[in-house]
Structure formats: structure tokens, C-alpha cells
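Have a look at the structure below, then the notes.
Residue numbers (this note's numbering), protein chains in the order written: chain G, 7 to 182; chain E, 537 to 777.
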């Protein structure tokens, strides 16, 4: 990795010196973009000039153009039981055009080192155990029972004579 | 003009592409898959899409000057000579740049996702006691090592989520926690140092022997003969008494 000192800065440096930056910048894979483009998830209070500076000085990556996008997150509940809705903080992504292309290493084909089978089975079991409660959607008002026949099916059975109608509650005969 | 029109009346012997015969419908079987199918925007001057082809053979020709591409204008390519594009699987992989700066977002092995064992193979965080002995240069370097490592872990977290790879999130978050604690300890040490410096500076303000103006030496001890004479006088008084 070439050091930043050997590269010439292609932009005017800002005045503010930050010695101890306390934020995280994550690189996202973008297979649909050309290899000279890279997409990062950056802090919400980051700006394009910051990213250009950061990439150049920390990584030696020359960002010729930067585009930013703030994606609002979906409203969700704090707890699946409680009904306290909140909107998580928005995510800011920045797409950067570089002078040199970057080719990502291949994705692993075999997920045995991360025990994917056990993980998938465990998470499926957990979801089933929670009874389909979700934090991003409100609980369904009516319980969806798969064994109960639909109204149409019930009507059809009654009309065809398969089922004889009887009242739900039967009056008990008066004891004599 | 007459010669041009008569030339176009005769059917071309070979299947060359004339401007008036170019239409994007699937007349030829195998080659048409490589012909581009345009979905251009509609403008007020655009031709209506219901027309399969432009039946104006004198399109782009000037009525007055006769200039422009005529109806018998033949393009330099023929349908037979169209190059067949290389199959995407056979396209040779480009030579990767080993020195690219973005490799800083990846682990030492340069894989997309670290193994769980690798991520959990770390010790405890630096303690404040250990960091107190370190210089600013060392502390600053350690801070940046922590920052780059956190960026790498965040990148891998996104990859793990994307691939639905399996386990590893807990181990990575434990590693991240240790890194954050180290960063906290660094800031703690620097804060301590700053307060020590600030206290010293305030003390120096009230000390007449210290000159903080910047001009001349910092420490100017007051060595006056009067003091020595007073001291000698005091001693002699004691001796007398």
C-alpha cells in the first residue's frame, strides 16, 4: 500500500486539523458499478470533502469525485412487545470515483468456516419461537390460523349439505 | 440526383446495410441478438413508435442542395461482418493492483471475510497504566491502528450480512469493543497529561522565576546579592545571640 506522503494532493487541504478521528467508514461492495467506483457508509455528519481528505491521507486512495446519498431508515419498534415506535438514524453513503480501479477478492463459495448451516437453522428456530413477532411491522390484529377454513369454504360446506348448521350455544334443558 | 435515385431502385446484391433498409425488427435470425434495441426518450419531434421503420428514403437529404446521406448511402459494415462479442465467462480477468489503497479495508490475507478464529485471536485492551509511559507519537500511531482496524471490522460486518455467511458477528464485536476501550485509554492518558500541563502552566503564571512570554529563557532563577547578605546577617545575628 503506497504511503500518502509519496502522492501529491490533488485538492486544496482544509484548515481544520483532526488528530484523533473517532468514526467508522465501511466499504461496501458494488458489483453493478465500474471498478473505478467505491461506495462507503460514512457518519451522518460527514461531508464529501472530509471523505476525500480521509481516503487520501489514511488510505492513499485518490478520490476524484464524490457523490453522497442519505437513506432514511424504516420506522421500527424498540421492542416487539412494546408499541414504542422510532425511526433509526439515517444512513449516509458516498460513492467515490477513483483514478485506479479496484477489484474485490472473490466471495467464499464454502461457508463451513462460519458454520452457515447451524446458524441458519438456529435463526429459523429462534424466529419460530418468537411466534412471528417482528420489530419492523406491527403485530397482525387477527391471528392467522391455517387450520381454520375460510368463510367461502364454510359457506360451500353448508350449502352442499356436508355440514349441518347448529347453534354455537345450546340452551340446556330445564331440569325437571 | 437521378443517378442516385436509380441506383437505390435496384436491390442490393449482397446484404449490405443501407440507411433505408436498416430497421430494428428481427428479420435476420442470428445476428439480431447483437443489434442494440434502443429505448430512447420521446421528444416532441420524435417519430411515433408505432412505425416499424422510417419509410422516408430521403431522410436527412437536403431538398435544395442534395447534400446529406442519400438513400443509397452504404455503411462500412455489413451484417455478415458484425463482430461477435466475447462470452462474458471467457473475458480474461484484469490484473489486480496489489498496491491499491482500498486493501486497507481488508484483512492481512486479503479475503472478503475473516475466519472466526482469526477475529477472536486478540488480547486485552491497553491499560491507562501502560499507555502513560508512551510518547505522543506512539499514542497517535496506536490510535490510527485502532481506527483502521475498526474500519476493517465494519466492512466485514457488511460483507457478513450481505453473504449471510453465518457466525462471526459476536467475535468481531468483542474485538471491536477491545479496540474502543484502547482508544478510550489513549484519550484518558492524553487528558491526564493535558491537566498536568494546565496545572503546571497556571502555577508558572504565579511564579516570578518562570518567564512564559517566549522571549528569553523559560527559567530565570532570582539570584540576588541582597538575599545572600540578608542570609549572612541573619546567621551572624544567631551566632551573636
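Yeah, the Cβ is synthetic: ideal placement off N, Cα and C, and Gly gets one too. Note that the structure is predicted; figures quoted are calculated from it, not measured.
{"Query": "For residue 98 of chain G, the three-state DSSP class (helix, strand or coil)", "Result": "strand"}
{"Query": "Alpha carbon of residue 123 of chain G to alpha carbon of residue 693 of chain E, nearest angstrom", "Result": "19 Å"}
{"Query": "Cβ-based neighbour list, residue 773 of chain E, same chain, cut-off 7 Å, excluding 5 preceding and 5 following", "Result": "none"}
{"Query": "Residue 54 of chain G versus G:17, G:121, G:114 and G:164, residue with shortest Cα-Cα distance", "Result": "G:17"}
{"Query": "Listed by chain order, chain E residues near residue 34 of chain G by CB distance under 7 Å", "Result": "694"}
{"Query": "Residue-chain proximity (residue 7 of chain G, chain E), Cβ-Cβ < 9 Å", "Result": "Residue confidence is low: residue 7 of chain G scores 46 on pLDDT, short of 50, so the model does not pin down where it sits. Its coordinate-derived value is still stated next. Chain E contact via Cβ: present."}
{"Query": "Whole-angstrom C-beta distance between residue 722 of chain E and residue 675 of chain E, which should lie under 8 Å", "Result": "5 Å"}
{"Query": "Minimum Cβ-Cβ distance from residue 703 of chain E to chain G less than 9 Å", "Result": "yes"}
{"Query": "8 Å contact criterion, which residue 117 of chain G and residue 690 of chain E should meet: CB distance rounded", "Result": "Not a contact, Cβ separation roughly 21 Å."}
{"Query": "DSSP three-state assignment for residue 145 of chain G, whether helix, strand or coil", "Result": "coil"}
{"Query": "Whole-angstrom distance between residue 749 of chain E and residue 724 of chain E, CA atom to CA atom", "Result": "30 Å"}
{"Query": "For residue 141 of chain G and residue 41 of chain G, the rounded distance between their alpha carbons", "Result": "37 Å"}
{"Query": "Closest residue to residue 35 of chain G among G:28, G:43 and G:144 (Cα-Cα distance)", "Result": "G:43"}
{"Query": "Whole runs of the beta strand (DSSP E) within the segment 25-110 of chain G, excluding any shorter than 3 residues", "Result": "32-34, 43-48, 69-77 and 97-104"}
{"Query": "Chain G contact for residue 746 of chain E (CB, 9 Å cutoff)", "Result": "no"}
{"Query": "Alpha-carbon to alpha-carbon, residue 58 of chain G and residue 104 of chain G", "Result": "10 Å"}
{"Query": "Contact with chain G by residue 629 of chain E, beta-carbon distance below 9 Å", "Result": "yes"}
{"Query": "Proximal residues to residue 15 of chain G (C-beta, below 7 Å), its chain only, five neighbours per side dropped", "Result": "62"}
{"Query": "Stretch-stretch touch, CB-based, cutoff 8 Å, three pairs: the segment 702-713 of chain E with the segment 643-659 of chain E", "Result": "yes"}
{"Query": "Counterpart residues of residue 755 of chain E in DSSP-defined beta bridges", "Result": "E:746"}
{"Query": "One or two residues paired with residue 705 of chain E in a DSSP bridge", "Result": "Answer by DSSP bridge pairing: none, since residue 705 of chain E is not bridged."}
{"Query": "Closer than 8 Å at the beta carbon, the chain G residues around residue 621 of chain E", "Result": "Residues of chain G passing the Cβ test: none, with the nearest at roughly 18 Å."}
{"Query": "Every unbroken alpha helix (DSSP H) within the segment 121-177 of chain G, with a cutoff of 4 residues, ordered by chain", "Result": "122-135 and 157-166"}
{"Query": "Touching by the beta-carbon criterion (3+ pairs, under 8 Å), the segment 83-96 of chain G and the segment 670-689 of chain E", "Result": "no"}
{"Query": "Bounding residues of the beta strand (DSSP E) (the contiguous stretch that carries residue 654 of chain E)", "Result": "No beta strand (DSSP E) contains residue 654 of chain E, which is instead part of the alpha helix (DSSP H) from 652-656."}
{"Query": "Proximity to residue 598 of chain E [Cα-Cα], best of E:639, E:607 and E:746", "Result": "E:607"}
{"Query": "Touching by the beta-carbon criterion (3+ pairs, under 8 Å), the segment 628-637 of chain E and the segment 64-76 of chain G", "Result": "yes"}
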